[in-house]
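Okay, structure first, notes after.
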Amino acid sequence: MRLLLVEDNIALADELTPLLRQSGYAVDWRTDGRDADLLALTEPFDAIVLDLGLPGTDGLTLLQRWRSQGLSTPVLVLTARDSWADRIDGLRAGADDYLGKPFHPDELLLRLQALLRRSHGASPAPLLRAGNLELDEARQVVRREGEEIALTGAPFRLLRYFMLNPDRIISRGELEDHLYDGERERDSNVLEVHVNHLRRRLGKAIIETRRGQGYRLPLGQPGPSP
Ligand code: CA
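Per the numbering used here, the sequence shown starts with residue 1041, numbered consecutively.
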């Protein structure tokens, strides 16, 4: 999952960015509304965390512009704690959720998880399910038939993306777009290594390779490895 964080409060962004990365998100961070504007429209983000008071272009104007251009990426707006006017303006402009400052970082993580599940049509329940797999995002643990397997880093991010898009053939390019931020160098061999890691941990059938097309997490299929 790739996030755009638009926040001009450096201290807050410095606190949030490593936390979001630890939780398995690739993060692009911008402090200026003008920089965020084009980036949001050209890069395939899975969600945007948007502060309203920004230098350059303010958050509300950005959000209105994005929605008027047909951008449907879920947006979580950061507002002043007691400003109901900000919250209403944000929701009217097309925000999917809001969080009043100051907030506990865990609340942001939980709201983002719920937002991403809703946007993929999954139930906003605390566990993500696909086939016989259950992913506990908070603990970064996947359960299969009662067995718990801990996953971290790229394999965790990869499995979550597959579980949010089950049964669909996903190209390497799409996977790379959603797993890495704009600065990370891309290497398709690395993707293969992570897919093989998931196969070793969860059984060979967990992810199919479709030659020339990409990968697929088949629903209902992956049984225990022989
Ligand atoms: Ca601000």
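C-beta: ideal position from N, C-alpha, C; glycine also.
- Rounded Cβ spacing between residue 1257 and residue 1246 (contact assumed at less than 8 Å): As a position in the sequence shown, residue 1257 is number 217, starting the count at 1. As a position in the sequence shown, residue 1246 is number 206, starting the count at 1. That pair is a contact at about 7 Å.
- Task: Mind listing, in chain order, the continuous beta strand (DSSP E) runs of no fewer than 3 residues lying wholly within the region 1043–1101?
- Result: Considered as a whole, the region 1043–1101 harbours 1066–1070, 1087–1091 as its complete beta strand (DSSP E) runs of no fewer than 3 residues, in chain order.
- May I have the straight-line CA-CA distance separating residue 1142 from residue 1181, to the nearest angstrom? Locating residue 1142 in the sequence shown gives position 102, where the first residue counts as 1. Locating residue 1181 in the sequence shown gives position 141, where the first residue counts as 1. Using only the alpha carbons, I get a separation of about 29 Å.
- Indicate the three-state DSSP secondary structure (helix, strand or coil) for residue 1187 in the structure shown. Here residue 1187 is taken as the residue at index 147 of the sequence shown, counted from 1. It is a strand residue.
- Query: Which parts of the region 1194–1253 are runs of the alpha helix (DSSP H), unbroken and 4 residues or longer, counting only runs that do not cross its ends?
  - Reply: Taking only runs of at least 4 residues, the alpha helix (DSSP H) segments lying wholly in the region 1194–1253 are 1212–1219, 1228–1242.
- Give the secondary structure of residue 1179 by DSSP, where H, G and I count as helix, E and B as strand, and everything else as coil. Counting from one through the sequence shown, the residue named residue 1179 turns up at place 139. Correct three-state label for residue 1179: coil.
- Query: Are the region 1121–1137 and the region 1077–1085 touching by the rule of at least three beta carbon pairs closer than 8 Å?
  - Reply: These segments do not touch.
- Query: Roughly how many whole angstroms lie between the Cα atoms of residue 1146 and residue 1045?
  - Reply: Mapped onto the sequence shown, residue 1146 falls at position 106. Mapped onto the sequence shown, residue 1045 falls at position 5. Each residue's Cα considered, the two are about 16 Å apart.
- Specify the secondary structure class of residue 1152 as computed by DSSP and reduced to three states. Here residue 1152 refers to the residue found at position 112 of the sequence shown. In the displayed model, residue 1152 falls within a helix according to three-state DSSP.
- Task: Using the DSSP secondary-structure output, state which residues sit across from residue 1120 in a beta bridge.
- Result: As a working mapping, residue 1120 is identified with position 80 in the sequence shown. Per DSSP, the beta-bridge partners of residue 1120 are 1141.
- Query: Sorted by chain position, which residues of the same chain lie with C-beta nearer than 8 Å to residue 1218's C-beta, five sequence neighbours on each side aside?
  - Reply: Locating residue 1218 in the sequence shown gives position 178, counting from the first residue. Counting only residues of its own chain and dropping the five nearest sequence neighbours on each side, residue 1218 has a CB closer than 8 Å to the CB of 1041, 1042, 1066, 1084, 1086, 1201.
- Query: Is residue 1093 near ligand 2, in the sense that its beta carbon is under 8 Å from a heavy atom of that ligand?
  - Reply: Ligand 2 is not part of the structure shown, which contains ligand 1 as its ligands.
- If you draw a straight line from the C-alpha of residue 1212 to the C-alpha of residue 1205, how long is it? Counting from 1 along the sequence shown, the entry for residue 1212 is found at position 172. Counting from 1 along the sequence shown, the entry for residue 1205 is found at position 165. Just so you know, the alpha carbons of residue 1212 and residue 1205 end up roughly 14 Å apart.
- Rounded to whole angstroms, what's the CA-CA distance from residue 1050 to residue 1060? Just pull it up for me. Against the sequence shown, residue 1050 aligns to sequence position 10. Against the sequence shown, residue 1060 aligns to sequence position 20. One alpha carbon belongs to residue 1050, the other to residue 1060, and they sit about 15 Å apart.
- Message: Judging by CA-CA distance, which residue of 1153, 1114, 1127, 1144 is the nearest neighbour of residue 1136?
- Response: Position 96 of the sequence shown, counted from the first residue, corresponds to residue 1136. Closest by alpha carbon: 1114.
- DSSP-derived helix/strand/coil call for residue 1111: Counted from its first residue, the sequence shown places residue 1111 at position 71. Coil at residue 1111, not helix or strand.
- Query: Can you tell me the Cα-Cα spacing of residue 1251 and residue 1089, whole angstroms?
  - Reply: Counting from one through the sequence shown, the residue named residue 1251 turns up at place 211. Counting from one through the sequence shown, the residue named residue 1089 turns up at place 49. Taking the straight line joining both Cα atoms gives about 36 Å.
- Tell me residue 1157's beta-bridge partners as DSSP assigns them. Along the sequence shown, read from residue 1 onward, the residue named residue 1157 stands at position 117. As far as DSSP is concerned, residue 1157 takes part in no beta bridge.
- Item | As assigned by DSSP and simplified to three states, the class of residue 1257 | Taking the sequence shown and counting its residues from 1, one reaches residue 1257 at position 217. Three-state result, residue 1257: coil.
- Query: With C-beta atoms as the reference, is residue 1116 less than 9 Å away from residue 1139?
  - Reply: To locate residue 1116, count along the sequence shown from 1; it is residue 76. To locate residue 1139, count along the sequence shown from 1; it is residue 99. In terms of Cβ geometry, residue 1116 and residue 1139 form a close pair [threshold 9 Å].
- Whose CA, out of 1129, 1209, 1231, 1100, lies closest to the CA of residue 1197? For the purposes of this step, residue 1197 is taken as the residue at position 157 of the sequence shown. Nearest to residue 1197 by alpha-carbon distance, out of 1129, 1209, 1231, 1100, is 1231.
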